[in-house]
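Peer 1: Read left to right, the sequence shown gives residues -19 to -1, 1 to 371 (mature numbering (1 follows the signal peptide of the UniProt record, and there is no 0)).
Glycine included, every Cβ here is placed at the ideal spot set by N, Cα and C.
What follows is a structure written as structure tokens; I'll ask about it next.
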Amino acid sequence: MNNLFTAFSVAVISQLRFALFTDSVESAVESLTAQIINFYKLSHVVVDMKEEPKEEKLVEMITQRPQNGGEHPELVNIVVFKNLETTSASYQRKIIHFINALDSYNTNSSRLSPQPIQFAQSKASRPQIFMIIPVIKRREDGTPPQLVPHLRHKFAFSQFYNASDSDSLAVAVVPDLLALRLLVDQVFVSAEIRGYIYSLLVHIRTHRLCSLNSMGARPPTGTLDWVRTVAAAMVVWNEHEREKKNSESGEQTEKKENDEEDKKTENEDREKEELNGFVEQVSDTISSSERGGEENDLFLTPTFVQVAIRKVTYFQVDWESDTIFSRHWNGPEKHRQQEISMLTGDWYGSEWVYAKRYIDEHRSQPSDHTPTGITNDIVEDAIARVRPPI
């Protein structure tokens, strides 16, 4: 639950979409909507994509009456897609165009002066917080979901939800996500960290398996910005959590001190109150100056980069999606052997026996400790080989 809460908060702060993987779709949707989205007091709608609804129907489902007396209907804050991975490839391509329309094609004019979103037969306004979250069921054999590459590229990172971890949300105060969003650009990224991100992505894109299936396996060029933005949003969220814990511990310490003071005489209390008033003034001045310095000390570290690179590329790098690399290949083995042999070319040990063994050794397996619920050796190989800056 806490991981899902953090992933949702980071997505809102970074203004990036994420895909939610799980073994229990209904449990994940319930936790996402009933506990997290309602906690933030956001409007939402759950759409079952199994019937492949048309654009007009989708627009009708995800819009509501204008909140501030606007002229056009307003989109709900959160749209949850179920069974998106079960739809046909042609329908998934239509969803790509639908998301492009929701984003106003991410043009400069749409970012500088927001205009109503133009659909085929209607218009709608977009709220400050808007996000589409697909809830994808993990396959038992560990194979990646059947999504066309360009649809995967519409979701920047991923998060795995385990139904057995569905604890209650232990947060009392609603964080101001829009205020935290303003701090993302203040996170300092050194030249060494930028180089580290570049090196990781270069190693991923030049991996042997990415060379075999370059269309599906190589992450898009936007991955560079996604990793940097997700990592910066995690830094902001981590700083917010740290300050919250410090304030809670400070309140507990102050309460304990007050209880001890109540047991003493009135004269001693009066003297100590004067002294404590002076001490508190000084400590408040020091702590405020320290907090002022800490606000400018938001910086990216290799640890945050490694977490972000896993969150982003585990979903984007999918070399098994191509037909000839699928473990469920039903065609003639000789045909697949010929195609892969042409792709391997002059590899050292590129004979079919060794190439097949290499492919089988790197196939994904189920894992509850990864962002997508399955392993990804390409990403892990890159993280292991690229040394982080000291």
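With H, G and I counted as helix, E and B as strand and the rest as coil, what does DSSP make of S106?
Peer 2: In the structure shown, S106 sits in a strand (DSSP, three-state: E or B).
Peer 1: Shortest alpha-carbon distance to A198 belongs to which of R344, L164, L1?
Peer 2: Among R344, L164, L1, the Cα nearest to that of A198 belongs to R344.
Peer 1: Within the same chain, show all residues whose beta-carbon is closer than 8 Å to that of I98, passing over the 5 residues directly before and after it, in chain order.
Peer 2: L56, A82, L83, S85, K104, A105, S106, R107.
Peer 1: Please look up how many angstroms separate the CB atoms of I18 and I59, rounded, as I've assumed it's under 8 Å.
Peer 2: Sure, about 5 Å apart at Cβ, within 8 Å.
Peer 1: Candidates D327, G326, W333: which alpha carbon is nearest R317's?
Peer 2: Nearest of D327, G326, W333 to R317, Cα basis: W333.
Peer 1: Spell out the partners DSSP gives P347 in its beta bridges.
Peer 2: For P347, which the question treats as bridged, DSSP gives the partners I355.
Peer 1: Do the CB positions of A(-1) and F296 come within less than 9 Å of each other?
Peer 2: Closer than 9 Å, so yes.
Peer 1: Determine the burial state of A214: buried for a count of at least 16 other Cβ atoms within 10 Å of its Cβ, exposed for fewer.
Peer 2: A214 comes out buried.
Peer 1: Any chance the region 294 to 313 sits against the region 177 to 194, with 3 or more Cβ pairs inside 8 Å?
Peer 2: Taking 8 Å as the limit for Cβ pairs, the verdict is that the region 177 to 194 does touch the region 294 to 313.
Peer 1: Could you tell me the distance, in whole angstroms, from the CA atom of K75 to the CA atom of P126?
Peer 2: Roughly 18 Å between the two C-alpha positions.
Peer 1: Can the beta-carbon of A137 be found less than 9 Å from the beta-carbon of V360?
Peer 2: Result no, Cβ atoms of A137 and V360 do not sit closer than 9 Å.
Peer 1: Should Q140 go down as buried or exposed, given a rule of 16 or more other Cβ atoms within 10 Å for buried?
Peer 2: Burial call: buried.
Peer 1: Can you grab the Cα-Cα spacing for the pair S331 / E314, in whole Å?
Peer 2: One C-alpha to the other measures close to 17 Å.
Peer 1: According to DSSP, is I117 helix, strand or coil?
Peer 2: Strand at I117.
Peer 1: Taking the alpha-carbon positions, what's the K35 to A144 distance?
Peer 2: Distance between the alpha carbons of K35 and A144 is about 31 Å.
Peer 1: Go ahead and label L23 buried or exposed: buried means 16 or more other beta carbons lie within 10 angstroms of its beta carbon, across all protein chains shown.
Peer 2: Buried: at least 16 other Cβ atoms inside 10 Å.
Peer 1: So F306 packs on N194, CB below 8 Å; how close in whole Å?
Peer 2: That belief holds up - the Cβ atoms of F306 and N194 are roughly 6 Å apart, short of 8 Å.
Peer 1: Buried or exposed, going by whether 16 or more other CB atoms sit within 10 Å of the CB of E261?
Peer 2: Any reading at E261 must be qualified, since the residue scores a pLDDT of 49, below 50, and its modelled position is unreliable; no value is offered.
Peer 1: I'd like to confirm the pairing. Which residues does DSSP put opposite L205 in its beta bridges?
Peer 2: Note: L205 sits in no beta bridge, so no partner.
Peer 1: Per the DSSP calculation, M112 is bridged to which residue(s)?
Peer 2: DSSP lists I59 as partners of M112.
Peer 1: Within the continuous alpha helix (DSSP H) that includes A336, where are the two ends?
Peer 2: Element bounds for A336: 333 to 342.
Peer 1: What are the boundary residues of the beta strand (DSSP E) that F(-2) is part of?
Peer 2: Its beta strand (DSSP E) spans residues -2 to 3.
Peer 1: State buried or exposed for E173, treating a residue as buried only when at least 16 other CB atoms are found within 10 Å of its CB.
Peer 2: It is exposed - the Cβ of E173 has fewer than 16 other Cβ atoms within 10 Å.
Peer 1: Can you check which of these residues, R368, I110, K31, D166, is closest to L159 by C-alpha distance?
Peer 2: Answer by Cα proximity: I110.
Peer 1: Considering just the uninterrupted stretch of the beta strand (DSSP E) at S69, what are its terminal residues?
Peer 2: Run containing S69: none; DSSP gives neither H nor E here.
Peer 1: When the Cα atoms are used, what is the spatial distance from Q102 to Q45?
Peer 2: Near 16 Å, if we compare the C-alpha coordinates of Q45 and Q102.
Peer 1: Rounding to the nearest angstrom, what Cα-Cα distance links D166 and A365 in this structure?
Peer 2: Rounded to the nearest angstrom, the two C-alpha atoms are 29 Å apart.
Peer 1: Would you kindly work out how many angstroms separate the C-alpha atoms of V208 and M196, rounded to a whole number?
Peer 2: Rounded to the nearest angstrom, the two C-alpha atoms are 20 Å apart.
Peer 1: Report the partner residues of Y142 according to the DSSP bridge assignment.
Peer 2: Y142 pairs with T3.
Peer 1: Could you spell out where the beta strand (DSSP E) holding H25 opens and where it closes?
Peer 2: It spans 25 to 29 - the beta strand (DSSP E) in which H25 sits, taken as one unbroken run.
Peer 1: Could you check the C-alpha separation between H134 and P201 for me, to the nearest Å?
Peer 2: So the two alpha carbons sit approximately 7 Å from each other.
Peer 1: Which word fits I355, buried or exposed, when buried means at least 16 other C-beta atoms lie within 10 angstroms of its C-beta?
Peer 2: Buried, since its Cβ has 16 or more Cβ neighbours within 10 Å.
Peer 1: Compute the distance between the beta-carbons of V27 and V61, then report whether it is under 9 Å.
Peer 2: Yes. Within cutoff.
Peer 1: Under a three-way DSSP split, which group does A100 fall into?
Peer 2: Going by the sequence as given, residue 100 is Phe instead of Ala. F100 falls in the coil class under three-state DSSP.
Peer 1: Under 9 Å, do I371 and I290 count as touching if we go by C-beta distance?
Peer 2: Going by C-beta atoms, I371 is not nearer than 9 Å to I290.
Peer 1: Report buried or exposed for Y335, applying the criterion of at least 16 other Cβ atoms within 10 angstroms of its Cβ.
Peer 2: Label assigned to Y335: exposed.
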